[in-house]
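Residue numbers (UniProt numbering): 1 to 1056.
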């Protein structure tokens, strides 16, 4: 492109331009946008009568008239361009030959050099982000935080270029600029003022490590040896504008208050000892220095260090006043409540201790000893303007210390640095591996994304894990600044405007304190998915706000991370599906750690930890017949929170038993444990319908011996003989398909498994999974397997499995296809199954998707066939209890021969045989009731004859008492009443015939029932299913369905 020239454009200043850029009128911007070149390649040359310099275009319009350009005010002052001045500009393109490999710059002033020296690690990135075009002899500006430094471009490589474009690979080389005005020799104290002069200033970053050895001066800071310019220095916190804006008071309020802490604190400076990590930009204050700075130990605070030649020794006339102070709401900035007038009196009454503590120290006028709530006031007639004295060489006498007895005054702090650390006293047990991986992500400067996710159900230990991570990142050898926000309790985030403002503030603070980590706990409360709980339903207002806030947060993270690569975000949520998908689509979150229910070993360690905490309060102990291993075995499926609450329940039950005098030895025995265990429901089982007591045992099922043996090997043995199976190098079988003719015991086997194997049992019906909304069915499948995983070892039983997982490609709606895909993922995907067994039952195995039937998913397919003669005999014996010790409600009369019945029931299923026995039982019941009814009728006839009442008709003339009729009637009624009473007593003493007589099934009953009961499976149906089963056994291929309709036997046709 040729050079474009524009004349007589008016210049206006704009503070919103951050860097060496210019904003052009709209008509010029439209011309540049119409070209195929990126905005970074445009070189804007500004010409004035006295100067010519080059800037880059930031892509924005000046939003004024077509004759206005906008630049930064400092650039205007450097080149003598006043506001509203007129300039000429020319625009050209920088091609690849104009790319700069090296830029040699020199700070304009020594102050610029001091700022650059303190921020050398970030200067390269800052210049690259704020500058695009450089020219030899031009001055460029660069923001370092809120400070602007000026740099003179001395040389550009290649040397053939006078003007060029810097790119990501360009190297910025800064020449040092010493202050020639300052005297090189150590300056003496001014005799008139007594104030030590500042030798050099620098800005360092605070690190919250503990290097106190108990022998050094309490007022000591440690820095890198190369940074030490003197043994003494004054330090002060450089305020962050965001935090200062919130907590700073207006002048009227300040004037009305009485006490303010000293902002410049005198300290001893020492080198970080060898053998300890020695970051060049770090400043490590002692615990006493943190105390006087009125903040908790925090990584990342920018601290101004002013090295001085020395601190004047304490004069003879120095007086030290100790004033008691109080804070707003009786709380100090480090979060400790001052209990305390007694504590303060205890701290100040013993002058010897206070003098011993500070006698080898440096004290500053106005400094606050925050923990004790004391302010130190210094006064000396010899040095009235000196703010700090060194007590090392000249300790003060008792007479020099005075405790002011007046009322404590309120202390006003100019800043309140909130650390937002997690207040969680629980210990992270059995999470070491996950913690190491998270720490490695946080400290690694190069990562695939800026965020990670920790997912787990409530009570799984997410907050405890985050608390441990926060402590490790904030302590040696790490120096990461950590901010914690709990979205569940942050009610101000419900407003979109407030939330957007807070997001911006948090990311800005991370930028200021970098390297930093922001922990967003329970993120699903604000950053949830963009749809409601039922997929397909219209989104509500809160979900709409969530989508907007997610976009805002992603935008801010990407912008800040470009300038500060060492900013990381840690999210926590109950599941990844609860968060907005944009966080994953934009690669903000690339790694997910899942906190699952602890296994037996982890539960044992958790129980020991919680028990130890409780034992420290009350010395309770375990009975010899109960161990932590036993407790861990019985608490399968418990989360860490469940275990903690269970130990609390044990503790309270123990206290109650001690108060009642039942347990005076303070010992938890097995009986107390089983009582608490039986009445405690873990969170994973709340709302889950576990099938436990079905009443069906292996002895109640006749035949199917091979099937029962295989089920025992697959489901019961890995749990019963866990140590043996744990040594198996191969993956154990975890899925079984029971298929066979209807009524042959598939569902009955599942009921027996729930009763006999000692595993948790979840029965699943098709309608519980399928849902018309897109994504809801898959979510139901995921939640189902998550529930099973939380209560493992667990058996998932799918009845009529062919209706849930048919072959893909035959469903017009696509719902079952997605369900099958999700089942494939859950059963043998990357997650796999651990302690969860899948048991499926169907009569039509040919309709099930073939991918589900391969090894690794449903490993074994077992046929439940029509029972043969021996199996029919076993089934009838199991139903009637014939020849068995089981207590069956059906009993056969003596002399019953089953062989004729077995011969007549060829082709009967187990359900048919059960129906036959029930029909025979009903015939026996009818026979018994008929005989009882006949006896009751005879007894009723006799009673009626004996109780016949003789009476006379009263004449109609009203002579009621003639011949004593009334008296006779009364006597007759009395006799009748006495007889009824005697009969009722006799009936009560008479034994109940029906209860004593058993219902016995006779040979005749069975034969009649055999005639009436027919086989439920017809010959044609049997032949059809038999061909299907034979083909399923011998002719199974791994070919996927083509999606076309088929004419195979028993196949389903689509309506499409």
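Think of the CB as a built atom: it goes at the ideal place given N, C-alpha and C, for glycine as much as any other residue.
For this session: Put residue 94 into one of helix, strand or coil per three-state DSSP.
Result: Reduced to three states, the DSSP call for residue 94 is coil.
Exercise. Going by the beta-carbon positions, is the gap between residue 450 and residue 373 smaller than 8 Å?
Worked result: No. Outside cutoff.
Problem set entry | CB contact flag (residue 271, residue 209, <8 Å) | Residue 271 is not a Cβ neighbour of residue 209, given a cutoff of 8 Å.
Problem set entry | Residue interval of the alpha helix (DSSP H) (run including residue 107) | Careful: residue 107 lies outside any alpha helix (DSSP H), inside the beta strand (DSSP E) at 99-107.
Exercise. Residue 209 lies in the alpha helix (DSSP H); which residues open and close that run?
Worked result: Per DSSP, residue 209 lies in no alpha helix (DSSP H) and is assigned neither H nor E.
Exercise. Across which residues does DSSP place residue 70 in a beta bridge pair?
Worked result: Answer is 12, 23.
Exercise. Near residue 925, what residues of its chain come up, given a Cβ to Cβ distance below 6 Å and the 5 sequence neighbours on each side ignored?
Worked result: Hits under 6 Å: 999.
Exercise. Can you give the beta carbon distance from residue 170 to residue 117, rounded, assuming they're within the 8 Å contact cut?
Worked result: Incorrect: roughly 21 Å between the Cβ atoms, too far for contact.
Exercise. So, helix, strand or coil for residue 3, using DSSP?
Worked result: Here residue 3 sits in coil by DSSP.
Exercise. Does the Cβ of residue 182 have 16 or more other Cβ atoms within 10 Å, making it buried, or fewer, making it exposed?
Worked result: The predicted position of residue 182 is uncertain, since its pLDDT is 46 and thus under 50; a value taken from the coordinates is nonetheless stated next. Exposed: under 16 other Cβ atoms inside 10 Å.
Exercise. Identify the residues that DSSP records as bridge partners of residue 479: which are they?
Worked result: Per DSSP, none; premise fails for residue 479.
Exercise. Would you say residue 20 and residue 130 are within 8 Å of each other, going by their C-beta atoms?
Worked result: Residue 130 sits close to residue 20, with the two beta carbons spaced by under 8 Å.
For this session: For residue 51, name the three-state secondary structure that DSSP assigns.
Result: In the three-state reduction of the DSSP assignment, residue 51 falls in the coil class, being assigned neither a helical nor a strand state.
Exercise. Taking Cβ to Cβ, would you say residue 469 is nearer than 8 Å to residue 446?
Worked result: Taking 8 Å as the cut-off, the Cβ atoms of residue 469 and residue 446 do not count as close.
Exercise. Beta carbon of residue 314, beta carbon of residue 396: below 8 Å?
Worked result: Their beta carbons are under 8 Å apart, which means residue 314 touches residue 396 by this criterion.
Problem set entry | Distance CB(residue 283)-CB(residue 165) smaller than 8 Å | Not closer than 8 Å, so no.
Exercise. In this structure, does DSSP put residue 161 in helix, strand or coil?
Worked result: Here residue 161 carries a coil assignment [DSSP, helix/strand/coil].
Problem set entry | Spatially closest choice to residue 1016 from 923, 913, 1030, by CA coordinates | The option with the nearest alpha carbon to residue 1016 is 913.
For this session: State the start and end residues of the unbroken beta strand (DSSP E) segment that holds residue 740.
Result: Bounds of the beta strand (DSSP E) holding residue 740 are 735-740.
Exercise. Can residue 875 and residue 915 be called in contact, C-beta distance under 8 Å?
Worked result: Cβ atoms of residue 875 and residue 915: not closer than 8 Å.
Problem set entry | One or two residues paired with residue 373 in a DSSP bridge | As computed with DSSP, residue 373 is found in no beta bridge at all.
Exercise. Helix, strand or coil for residue 143 per DSSP?
Worked result: The answer is strand: DSSP assigns residue 143 an E or B state.
For this session: Take residue 350 and list the residues in its own chain whose beta-carbon comes closer than 6 Å to its own, dropping the five residues that flank it on each side.
Result: Caution applies to residue 350, whose pLDDT of 48 falls short of 50 and renders its modelled position unreliable; the model cannot decide the point.
Problem set entry | Nearest-angstrom Cα separation, counted from residue 46 out to residue 78 | One C-alpha to the other measures close to 13 Å.
Problem set entry | Inter-residue CB distance, residue 635 and residue 583 (contact presumed, cutoff 8 Å) | A Cβ-Cβ distance of about 35 Å is found for the pair residue 635 and residue 583, leaving them out of contact under the 8 Å criterion.
Exercise. Does DSSP put residue 357 in a helix, a strand or coil?
Worked result: Three-state result, residue 357: helix.
Exercise. Should residue 797 and residue 752 be called a contact, given that it needs their Cβ atoms to be closer than 8 Å?
Worked result: Going by C-beta atoms, residue 797 is not nearer than 8 Å to residue 752.
Problem set entry | Whole-angstrom distance between residue 139 and residue 7, CA atom to CA atom | So the two alpha carbons sit approximately 23 Å from each other.
Problem set entry | Secondary structure of residue 706, DSSP reduced to three states | The three-state reading of DSSP puts residue 706 in helix, counting H, G and I together.
For this session: Mind checking which residues open and close the alpha helix (DSSP H) that includes residue 794?
Result: Careful: residue 794 lies outside any alpha helix (DSSP H), inside the beta strand (DSSP E) at 794-798.
For this session: Taking only the alpha-carbon atoms, compute the straight-line gap between residue 58 and residue 128 and give it to the nearest angstrom.
Result: Between the alpha carbons of residue 58 and residue 128 lies a distance of about 13 Å.
Exercise. So residue 367 packs on residue 262, CB below 8 Å; how close in whole Å?
Worked result: Their Cβ separation, rounded to whole angstroms, is 5 Å, which keeps residue 367 and residue 262 in contact under 8 Å.
Exercise. Going by beta carbon distance, what residues of the same chain come within less than 8 Å of residue 638, once the five residues before and after it are set aside?
Worked result: If we look at residue 638 and ignore the five residues flanking it on each side, its Cβ neighbours are 597, 598, 603, 646, 682, 684.
Exercise. In or out: residue 929 buried (at least 16 other Cβ within 10 Å) or exposed?
Worked result: Exposed: under 16 other Cβ atoms inside 10 Å.
Exercise. Alpha carbon to alpha carbon, how far is residue 369 from residue 61?
Worked result: Rounded to the nearest whole angstrom, the CA to CA distance from residue 369 to residue 61 is 54 Å.
For this session: Enumerate in chain order the residues of its own chain whose CB-to-CB distance from residue 86 is below 8 Å, with the five nearest sequence positions on each side excluded.
Result: So the qualifying residues of the chain are 8, 9, 10, 11.
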